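Numbering (our numbering), first residue to last: 44 to 539. All C-beta atoms in this analysis are idealised placements derived from N, C-alpha and C, irrespective of residue type, glycine included. Quick caveat, the model's predicted, so the values are computed rather than measured. Presented below is the structure to which this report refers.
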Amino acid sequence: MKRRNFILLSSVASSVVLTGCMPMLLAGGMGGMGMDFTSATNSNPLSSSANDKTFNKALAIPPLLEGENRNGTYHYDLKIQKAQHEFFDNTLTDTYAVNGTYLAPTLKLINGQDVSLNYTNKLDETTTMHGHGMHLPAKMDGTAHQSIAPDARWSAKYRVKQKACTNWYHPHAHEKTAEHVYKGLAGLIIIEDEQSQSLDLPKDYGVDDIPLVLQDRFFDAKGQLHYAPSMHQTMMGYKGDAFVTNGVINPYVEVSAKEIRLRLLNGSNSTVYNLSFSDNRSFKQIATDNSFLESPVVLNSVLLSPGERAEIVVNLEDDLGGSLYLMETRQAKAFLKINVNTKATHRTKVPSVLTRLDKGLVQDATHRRKFVLSARMGQMYINNKSMDMNRVNEVIPLNRVEIWEVHNQKMMMMGMEHNFHMHGTHFMVVERNGSIHNVLENEKGYKDTVYLASGDSVKLVVKMTDYTDKTTPYMYHCHFLEHEDRGMMGQFLVTK
Ligand SMILES: [Cu+2]
44 MKRRNFILLS SVASSVVLTG CMPMLLAGGM GGMGMDFTSA TNSNPLSSSA NDKTFNKALA
104 IPPLLEGENR NGTYHYDLKI QKAQHEFFDN TLTDTYAVNG TYLAPTLKLI NGQDVSLNYT
164 NKLDETTTMH GHGMHLPAKM DGTAHQSIAP DARWSAKYRV KQKACTNWYH PHAHEKTAEH
224 VYKGLAGLII IEDEQSQSLD LPKDYGVDDI PLVLQDRFFD AKGQLHYAPS MHQTMMGYKG
284 DAFVTNGVIN PYVEVSAKEI RLRLLNGSNS TVYNLSFSDN RSFKQIATDN SFLESPVVLN
344 SVLLSPGERA EIVVNLEDDL GGSLYLMETR QAKAFLKINV NTKATHRTKV PSVLTRLDKG
404 LVQDATHRRK FVLSARMGQM YINNKSMDMN RVNEVIPLNR VEIWEVHNQK MMMMGMEHNF
464 HMHGTHFMVV ERNGSIHNVL ENEKGYKDTV YLASGDSVKL VVKMTDYTDK TTPYMYHCHF
524 LEHEDRGMMG QFLVTK
């Protein structure tokens, strides 16, 4: 079936909207000619009534694994497997998953805990499992240097040594990351610490503290996941036409009339999401990739590029009996309908101070490095080099404070969006496009992935702590997965 930008379905005339110069009909219903998976995309609630019946599937909540204590180490047993998942009624889609049928369980880790994430690969092909945002030894990072062959096991064993945050795990197989994630391999890692447990925030997992893995996918005429980017799509982003939230298309969630915390992950391959609510209400961002923000930041929308996370709190105290949508404004489509249908039994109030961050490092920086992201003819480069597993691009002394300048080189004819992700640590964004004043309030927390529009540059304060390894590198790369797989990645060693 031919994929269309214009999806014309007469049955839901009220769903027609025009956004900018790209007409899009965003109906969730099926066309009159049988099942139409490519158009089974997402309703536009801005043009639908309060009785919208399109978002009629309950949101799935990934199961929460708290680990099994074996001699003081918390073990998480995770089987990477082929599966089938019901995105569409009465149709099974072939997927990859961890334990279940799509995505992976949420792992809850406590700061200070010794953990062992035990992966068994039941796929027919080699993969890996990387802890995105995790501060850990390079040998436990789960990159292509820690491949897991079919039927093999691999464990990531380490002590959790970082602040409370929402991280995630996904494959990092050499030139196969994009396809493996696309098929469904991704899960959240929630790290808690004393601070996060004591703050007056919504904390009831799946009830008022809701994880949301946001993705977009192409489905072919048989309802199968279709991973076949053209060169253009590789360059400009492989953007699927169906929004998928925790593995569900057009889901709803039922909540109480109180503050609700959403842990948002942009789990897409290469789509930037600008997230807001359908009534444009404000909300508070409380955490960025790797930590709480020092204080909540009030926003009407939050931009997340692939791999980035944001924890937000939205106040629904006055919304009993009502509904609203979590929207993506660039495409004017919704990820989730939120029905506020029960009275709250307890309430929270976001504190005005959430944490204290170690920020006073800029003046301590003694070394600078520069990273230029560029693309030519479908191949991607950092500093004019494509990824080579056998090349170490950078060697970083332990505990040295450095400034990393990252530039998204503007091409003559076209601009490309990128981001920059670094393994094994977090960084602080201290300058954007030449000024400290351009650093957004909600990127002033610990981050591991930073967005760069075409022509943008950022300065990051970087410090590698705790772990050295003479031979096993960490990686830095663009987290648009098609870009990463086409070479926009490099490797660094941390040495004494
Ligand atoms: Cu990129």
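Rounded to the nearest whole angstrom, the C-alpha separation of Val287 and Arg373 is 16 Å. In this structure, DSSP gives Thr398 a state outside helix and strand, which the three-state scheme calls coil.
What you get when you keep residues with a C-beta closer than 5 Å to any heavy atom of ligand 1 is His461, Cys521, Phe523 and His526. Secondary structure of Glu360 (DSSP, three-state): coil.
In this structure, the CA atom of Glu484 is about 20 Å from the CA atom of Trp447. Annotation: the segment 310 to 371 contains the following complete segments of the beta strand (DSSP E) (minimum length 3 residues), in chain order: 316 to 320, 326 to 331, 334 to 342, 344 to 347, 352 to 358 and 366 to 371. The C-alpha of Gln258 is placed about 29 Å away from the C-alpha of Pro516.
For Gln127, the three-state secondary structure derived from DSSP is strand. Of the residues assessed, Gly477 falls on the exposed side of the cut-off, its CB having fewer than 16 other CB atoms within 10 angstroms. The C-alpha of Leu231 lies about 19 Å from the C-alpha of Thr314. Contact annotation: Leu102 and Asn289 have beta-carbon atoms nearer than 9 Å. The three-state secondary structure of Val493, taken from DSSP, is strand.
DSSP lists His464 and Met532 as the bridge partner or partners of His520. Taken atom to atom, the span from the alpha-carbon of Glu525 to that of Thr409 is near 34 Å.
As for any alpha helix (DSSP H) of minimum length 4 sitting wholly inside the segment 151 to 226, the runs are 220 to 225, ordered along the chain.
Here the segment 129 to 149 does not lie against the segment 178 to 186, with fewer than 3 beta-carbon pairs under 8 Å apart. Closest in C-alpha terms to Val203, from the list Leu150, Arg196, Leu166 and Glu218, comes Leu150.
Rounded to whole angstroms, Met454 and Arg390 show a C-alpha spacing of 51 Å. Around the CB of Ala221, 16 or more other CB atoms lie within 10 Å, so the residue is classed as buried. Pairwise C-beta distances place the segment 354 to 366 out of contact with the segment 494 to 505, as fewer than three of them are shorter than 8 Å. Thr492 sits buried, since 16 or more C-beta atoms from the chains shown fall within 10 Å of its C-beta.
Residues Lys151, Leu152, Ile153, Asn154 and Ala207 of the same chain have their beta carbon placed closer than 8 Å to that of Glu235, with the five preceding and five following residues left out of the count. For Leu503, the closest of Gly488, Phe470, Tyr519 and Gly530 by C-alpha to C-alpha distance is Phe470. In terms of Cβ geometry, Gln422 and Arg529 form a close pair [threshold 9 Å].
In this structure, Phe378 is the residue among Pro254, Phe378 and Trp211 with its C-alpha nearest to the C-alpha of Asn99.
The DSSP-derived three-state label of Val482 is coil. The Cβ atoms of His178 and Asp509 lie closer than 9 Å to each other.
If you look at Glu237, you'll find it in the alpha helix (DSSP H) that goes Glu237 to Ser241.
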